[in-house]
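First up is the structure itself, then whatever we jot down about it.
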Amino acid sequence: MERKTNKLDSIQVLRGIAVLLVIAFHFRVYLNGVYAQKDLGDILFGIGEVGVDIFFVISGFIITYSSMNKAKNRPMVFAAKRFFRLYPVYFIILTLAIYLNYEAIYTSSQIIKSYLLIPIDYNFIGPWSGYSIIIPAWTLTYEIWFYVVFFFSLCISHKYRTAIASFLLIIICVLGQLYFHGDVFLNPIAQPPSGDGIIRNLVFVSNPIIYDFILGMIIAEAYIRLPSRLINKMPVVQFLNITLAIALLFLCLGLRNGPGIVAWGAYSFMIIAPIVLISKCRDVYRNKILTYVGEISYSLYINHMVVYSLAVLYLKPYGVLDSKGFGVFLAMICATFIISIISYNFIEKPSVSIGHAIARRMQKKSDVSSIKTESVREAP
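Counting in UniProt numbering, the sequence shown runs from 1 upward without gaps.
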């Protein structure tokens, strides 16, 4: 353990915890039906789905906070960095998953939609909408949608980007709900009326799980605007700690389970906000392991169900997975980490570096154009 640096290490730790929760949730099947407590996996890790809401709230925070500098976050620069942060890893892992899973029969529609990050089945219950070939990638659809909305918000006004993005997310979601569902609702678990048509591929914009990102943006604005001396006052710190404790208690007790701001999204807000705000004004300690897990969390998230599927395909015929139990559970997690560390170092980090290099080049061109424009304006 060591003192935090000037980076928001608390966010990385939260990312690490979130991805471990999601992985444990999906791998919990190896703990069910093995021990005297038949549903041990469900008892221990059934709540792991909350990791998705934590990710969404964190994403809203990071995108808002990291775009503070207007000069370094012009819309196209923002788009370049986000694209190379997200898509190359996904593209390569998806391609490998399709190629290696020789038993699976995918339709051309499923493959195309998966590459384009469009939900496979728009008639399937939301927010999952039929998932993707890589099952957890359904969440990337909402990430991309948030990036698109934030991009246009930057085009309109950098200063008011958060307010504009929040307004656009809400108004588009509400209008989408009225169009696709004929009603307005907050619970993301919603079954759209069955139907066909290209426009129905956009049914995900009407799912209120998107509001999780707004909660993250609110935390970022509070972090940016609230002075440390205010946050550091004892009544404020006590209030934040109590809020955190209540959220953890309700979460552990299983009160109001489910995605979105009506349940896990609200709990995620109540967990992330206190931790992040307190870290602004007080020395906190970080765990190196969880910080690193947070750094590679995207690779872990994308890879873990691919590892699961390929293990079932290649190892189950030899009886390797028949015993189940904690041994197999931990072995699957270790395999996921090995694959993810490789993809992080050889795919994710290089693609992020390429994105930043392209962004810097775009930034320089934009700066040169601005200087030339100013020179023309000042010329007699």
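Glycine included, every Cβ here is placed at the ideal spot set by N, Cα and C.
Whole-Å CB distance - Y30 paired with G355, under 8 Å assumed:
No, Y30 and G355 are not in contact; Cβ-Cβ is about 36 Å, not under 8 Å.
If you reduce the DSSP assignment to three classes, tell me which class R74 lands in.
coil
CB of G294 within 8 Å of CB of R15, strictly
yes
Under the three-state reduction of DSSP, which class applies to D282: helix, strand or coil?
At residue 282 the sequence reads Arg, which differs from the Asp that was named. R282 falls in the coil class under three-state DSSP.
Applying the 10 Å Cβ sphere with the 16-neighbour rule, what's the burial state of V52?
buried
From what residue to what residue does the alpha helix (DSSP H) around K113 run?
108 to 115
Check whether the region 230 to 245 touches the region 263 to 280, counting contact only when three or more Cβ pairs, one atom from each stretch, lie closer than 8 Å.
yes
Which word fits N303, buried or exposed, when buried means at least 16 other C-beta atoms lie within 10 angstroms of its C-beta?
buried
Exposed or buried, what is A18 when buried is set at 16 or more other beta-carbons lying within 10 Å of its beta-carbon?
buried
Can you grab the Cα-Cα spacing for the pair E374 / A79, in whole Å?
Low confidence applies here, because E374 scores a pLDDT of 48, under 50, leaving its location unreliable and the question unanswered by this model.
Boundaries (first-last residue) of the alpha helix (DSSP H) holding W138:
Membership of W138 in the alpha helix (DSSP H) is indicated by the continuous run 138 to 156.
Would the beta-carbon of M305 fall within 8 Å of that of I134?
yes
Taking all protein chains shown into account, do 16 or more other C-beta atoms lie within 10 angstroms of the C-beta of N207, making it buried, or fewer, making it exposed?
By the neighbour-count criterion, in which a residue is buried when 16 or more other Cβ atoms sit within 10 angstroms of its Cβ, N207 is buried.
If you scan the region 15 to 73 from start to end, which runs of the beta strand (DSSP E) of 3 or more residues do you find wholly inside it?
If we require 3 residues or more, the region 15 to 73 turns out to have no beta strand (DSSP E) run fully inside it.
Buried or exposed: which applies to L169, given that a residue is buried once 16 or more other Cβ atoms fall within 10 Å of its Cβ?
buried
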